[in-house]
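One point on numbering: in full-length UniProt numbering, the residue at position 1202 of the sequence shown is 1202, and numbering is uninterrupted. Structure record follows, encoded as structure tokens.
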Amino acid sequence: MLAGSLAIALIFAGQRGTGGPLAYITGGLFGISALGMVMMQISMHGSRPSKQEMHDSRREYMWDLDAYRRSVRRTAREQRSAEYYRHPAPDRLTWLVDSARLWERRSKDLDHCLVRIGLGPRALATPLVTGPPTPPEKAEPVAAAALRRFVQTYGELPDLPVVLALNGFGRIYLQGDRRRTRAMVRGMLAQAVTFHAPGDLLVAICASEAVRAQWEWAKWLPHVQHPTSADALGSLRLFAPSIVGVEAMLEDLLAARPRFDADVAESYLNGPHVIVVVDEGDIAGADHLMTESGVEGVTVIDLSSEPPRNFDRSTLVIEVAEDGALVARTFDGVRPLGHGDSFGLAAAEALARQLSPLRLAGVGGGDRAMNAEHGLAELLGVTDPYALDPRETWAARPNRDRLRVPIGIGPNGERVELDLKESAQDGMGPHGLLIGATGSGKSELLRTLVLALAVTHPPETLNFVLVDFKGGATFTKLDLLPHTSAVITNLADELPLVDRMTDAINGELVRRQELLRKAGNYVSQRDYERARQSGAPLAPLPSLFVVCDEFSELLTAKPDFIDMFVQIGRVGRSLGIHLLLASQRLEEGRLRGLDTHLSYRVGLRTFSPAESRAVLGVNDAYELPRAPGHGYLKYGTDPLGRFRAAYVSGAYRSAEQLKVAEADSRVLEFTSAYVAPTETQETSAPATVDETPDAPSLLDIITDRLTGQGAPAHQVWLPPLGAAPTLDELLGGLCDTPGRGLAAAGPELAGRLRVPLSLVDKPFEQRRDVLTLDLSGAEGHVVVVGSQQSGKSTLLRTLICSLALTHTPREVQIYCLDFGGATLTTLRRLPHVGGVAPRHEVNQVRRTVAEVAGLLDDRERFFIAHEIDSMATYRRLRAAGQFADQPHGDVFLVVDGWLTLRNEFEDVAEKVVDIANRGLSYGIHVVASAARWYDIRGGARDVFGTRLELRMVDPSDSAIDRRASANIPEKSPGRGITPDGFQCLTALPRIDGISEASELGPATLELVDAISAAWDGPRAPAVRLLPDQVPFAALPQGPQLPGLAIGIAEHDLRPVHVDLAGADPHFLIFGDSESGKSNLLTAFAQAIAERYKPTEAKIIALDYRRSLLGRLPTSHLLAYGTNSEQSTGMLADAAGVMRERLPGPDVTAEQLRARSWWQGAELYLLVDDYDLVATDRNPVQALHEFLAQSREVGLHLVVARRSGGAQRAFYDPVLSRLRDLATPGVVLSGDRDDGPLLGNVRLGPLPPGRGWLVTRKEGARLIQSALTDQPE
């Protein structure tokens, strides 16, 4: 085009000339322009389809659309057929009553509460979806028009059923011609009652008397019958003139339901859906149905009330035109529905009459026999349980009937039997599972099964082990049956009993295995019984039926118990043990490893479909009626068997009691109105049936008839340790034996140090033994460990009393340290007891241990002197009459409260440990109690060969068995574990046969008095106590003795001598005021006077308080200083004398040894109240230089000082030098806070004159200083 334009321009320009180059250019441009136009035309015609191609594409598109049309028509036909099948016209419903489709919509189905209300347009089931839209200018007109007609024609189908979800609205209002609306509601109700069972749907009519006749046809419907209430005509019809009356009749259904919520997609309510039809009924005063949005699970269809002007999503308004057209108004807007159905009165009543005799299979019809309760007596053929003769019912049975009993009836009234035998013997067993929700009749079924087996099998053939994890009501009275080997209940409250049950059942498995092996290596219990029946001399080995109720909760509390069930499942068949596990729930995975052994399963009504599937593999158990006893039985590959269990716990009614009263002969008209029962009807039933609360049940009657019959079953489970035995029961009785007094009747315990102490529970061995301690050997020391109030002190009393009842006071002597609350003081009067020292009697405590320690030392020397090689030899020789002068046999030192001994008597505790370490070889035994093992240090703990544990504060602290310790019940004094880990119960120290801890103190005193009265021989030597006063005159004095006697020692009650002429020339005395310091100085002075002549010893006394005035011997008194000036002069002179006595350079060695280089008396300086003397001008300081050489110069310093501040006083040069010289001394009573003064001895309260004598050779010894005569 551009080239053509240029050519025309050049033509006009060239007209001025006649040729030339311009003409050639013009011609060339015209040629190019023509060629371009030709190329453009070719290009345009080549990019568009031809007419033929367009025709072919349109034809292909129409063919495809035709194929879709055929498919859509097929879908439409199938949809129409399906919709009319699911929602047939009301006049065709009568054909469905006798078909399998009756009541096919259950409460959990997706089409529950869907009803047809008419016909109208419905969208095609397969949506028609076109492709992306094409702009009109690009669309092919013919094809686009065909597509629009296709979508318009088939996108919506006419005259299909219009379906209403009743559970989607709380209130539905119908407006329009009343005749039309009633006909439409009749059609809706016809749809609802035909496809929904009475258990899933109820219909109530609220109509005024004026229109009641319009709804009288509904009285025949089973859906209008009240589930439980009745009147003279039978079940109460749900008709009322007011909504308040309807609410009253449905109160039990409506009270627990929440308000209707349209936003909730699905309701989980239990119970039927309720349709309430309101036709001119009085709606005033409603509490539930007409308030707010209504009630969940209830749909109110109101024909007479005006809908609210503003309504929510729970409200639907349907307007019915005169021609039947339907228009719906909801919260979301208005839309036409189609034309409503119409159902006439005659047709509605005909349908209702057809449905009136029908009920669901679970509650009526062919299964009607299961609707009534059935007694076990009828199933067993027992005409009169009161006359039951076990000899007849226990008669020999064929193998097919062994362990096979009826448990209920089936749908056709036939007996349903459970066979516990294994499948190889045509049985269902040997093991099974029973699951049933609360109220399903699980416990009743278990009772029925056990009672049926007991009636038909003797105890020699079958025994029971009945386990109930919670409570124990399931097996009430069944423990009286002779078949019962064990009834184990209330495990939930006492979990330790679960472990005990494990041991008991394991023990039974082992017992049966051993019995089969010893009898001839029989493979199974069946072979054993065959041999016995063939004449082999074998004891009966009955089958054992183990029933465990609430096993799921048992496994929750004790997961390891599953191993026990698996073991029974694995070996139970050969041992004749059958297992039935029962529970309310069955959690997934709970039966790991066990489910393969459970060959039969019983499913009662379950809580959820999942539990039903876990038990039976299907949901059927979840859909069972709520009445108890309904269930399914499944075993092997056989189909599920429906049954209802027999009832044994209700009041038994004989045939005479069950006679029905003569019926009322009147004929009453069946109407929708309430008809009150007549007086005859109200009183006839109670007159014919005696149901007094005291009436015995079939279980009671049969149990009473079987009790005491046959051989009792072997007891697998002995009752747990409960009431403690008394000592006379444990010892097998007591008698007064000459020469032994009151003692155990059996001679096997006399004098052998074998002491019965407690009762031992051995569930594995299915027996109880007496724990007898053998104290004659390496286990002679005993320790008891337990928390507070666990019974430690009582156990010690029992041990002591048991020793007293099996040994004479000559054979055994007992000495007690009672730190446990004065419990052992009740034993003080026993002739075997030499003393009981309470904690506050410090002197008695120390002397008791010292007495035993001294006895140990004496016996060690005695054994060496008499060449006795062991304590056993000593016991034998002594029993033969030798060593009559030896008052002690086996000696027991009992310490009740080891921690108190260790904390308050540390030095005494060390002596007790030493006694324990050395004592057993010489017949000295230590018995101790402690709250924890850590209270006894490791070295001492290892000494105790016999260890007993009561309940610990923390079971993990147990030194015997932590698991066994955790199983000791709480608040059970006396319960403990033996050294072998068995549970034990300590006997009570009483012999009156009363197994109660109340009044134990007086009962123990009676036991002590009885033993004392029966013994007329010598008693155990009493503990000699350190006297509070030791007269100085009673102490021996003289030059022949090892030193000055200043008192007596606690450990041996012998005089204590201090040799100031030996290696320790000085002496220190510390004490508080009035502790006896001055008296001890006086004792020193008098002892010096009695040991030495006046020419051999002289005394200088410094007594600023004049406490020693008139108490010192004047014959030996050289000087008496009462003040500093006087004392300074005296001691200065003494220092001069001491200086003269110092050895010079010419002194020989022999003179040094004989101390003969000087002549004169020994100088004894007695200083009282040194704290007053040691001032700035301390006169004793003059002798300081001679203290180290006192032995050579004859100087002896005895210093008494107040203990208060004595630690600081050691900075004094004199006292410091005395300390450096390791000067011995006595620590009298003082304040504990003043710390140790001599050695490691700490001050503490002591009686006057009593103190700790501390020397280098013998350490610390408690002494009582001599009391000198007080001046008149």
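Think of the CB as a built atom: it goes at the ideal place given N, C-alpha and C, for glycine as much as any other residue.
- Distance from the CA of V416 to the CA of A646, rounded to the nearest whole angstrom, comes to 10 Å.
- The closest CA to that of I301, considering only G1129, E319, G285, R309, is found on E319.
- For T823, the three-state secondary structure derived from DSSP is coil.
- In this structure, L174 lies away from V115, with their beta-carbon atoms at least 7 Å apart.
- Judged by DSSP in its simplified three-state form, A1174 adopts coil rather than helix or strand.
- Minimum Cα-Cα distance from T823 among the listed residues F311, P1002, Y154 corresponds to P1002.
- With fewer than 16 other beta carbons inside 10 angstroms of its own, Y386 counts as exposed.
- In terms of Cβ geometry, A987 and L727 form a close pair [threshold 7 Å].
- Looking only at L616, A610, R990, S965, the smallest Cα-Cα distance to L734 is reached by R990.
- Going by DSSP, R1202 is part of the beta strand (DSSP E) stretching over 1195-1202.
- Q813 sits in a strand when the DSSP states are folded into three classes.
- P955 has its alpha-carbon roughly 21 Å from the corresponding atom of G722.
- Counting C-beta pairs closer than 8 Å gives three or more between the segment 1262-1270 and the segment 1082-1091, which meets the contact rule.
- Short of 7 Å from the beta carbon of F1067, and not among the five residues preceding or following it, lie these beta carbons of its own chain, in chain order: V1058, L1060, V1198, T1223, P1224, G1225.
- Counting along the chain, the unbroken alpha helix (DSSP H) around C801 starts and ends at 792-806.
- According to the DSSP assignment, L497 belongs to no beta strand (DSSP E) but to the alpha helix (DSSP H) extending over 496-520.
- Contact annotation, S242 with D279: C-beta distance approximately 12 Å; criterion of less than 8 Å not satisfied.
- Between D231 and V675, the C-beta spacing is below 7 Å.
- Linking L337 to V317 through their CA atoms gives a straight-line distance of about 12 Å.
- For secondary structure counted as the beta strand (DSSP E) over 3 or more consecutive residues, the segment 1003-1052 holds these complete runs in sequence order: 1044-1049.
- If you draw a straight line from the Cα of T393 to the Cα of R752, it is about 56 Å long.
- With contacts defined as CB atoms closer than 7 Å, V203 and V465 fail to qualify as a contacting pair.
- For R975, the enclosing beta strand (DSSP E) begins and ends at 975-977.
- About 4 Å separates the beta carbon of Y600 from that of M428, a gap short enough to meet the 8 Å contact definition.
- When the Cα atoms are used, L236 and M249 turn out to be separated by approximately 9 Å.
- The beta-bridge partner set that DSSP reports for P756 consists of T772.
- Here M564 is buried, its C-beta having at least 16 other C-beta atoms within 10 Å.
- Measuring C-alpha to C-alpha distances from I1100 to each of E1074, A1083, M1130 identifies M1130 as the nearest.
- The beta-carbon distance between G919 and V926, rounded to whole angstroms, is 6 Å. This is short enough to meet the 8 Å contact definition.
- The beta carbon of N967 lies closer than 6 Å to those of P496, D499 in the same chain, with the five residues before and after it left out.
- For A621, same chain residues with a beta-carbon under 8 Å away, outside a window of 5 residues either side, are I435, G603, L604, R605, T606, E611, S612, V615, G631, Y632 in chain order.
- Of the candidates K792, A880, A240, R182, the residue whose Cα lies closest to the Cα of G897 is K792.
- For E460 against P540, the beta-carbon gap comes to about 4 Å, under 8 Å, which counts as contact.
- Spanning the alpha carbons of D341 and L160 requires a straight line of approximately 12 Å.
- Straight across, the Cα-Cα distance linking A1154 with L1238 is about 32 Å.
- As the crow flies, the alpha-carbon of D942 is around 44 Å from that of E1074.
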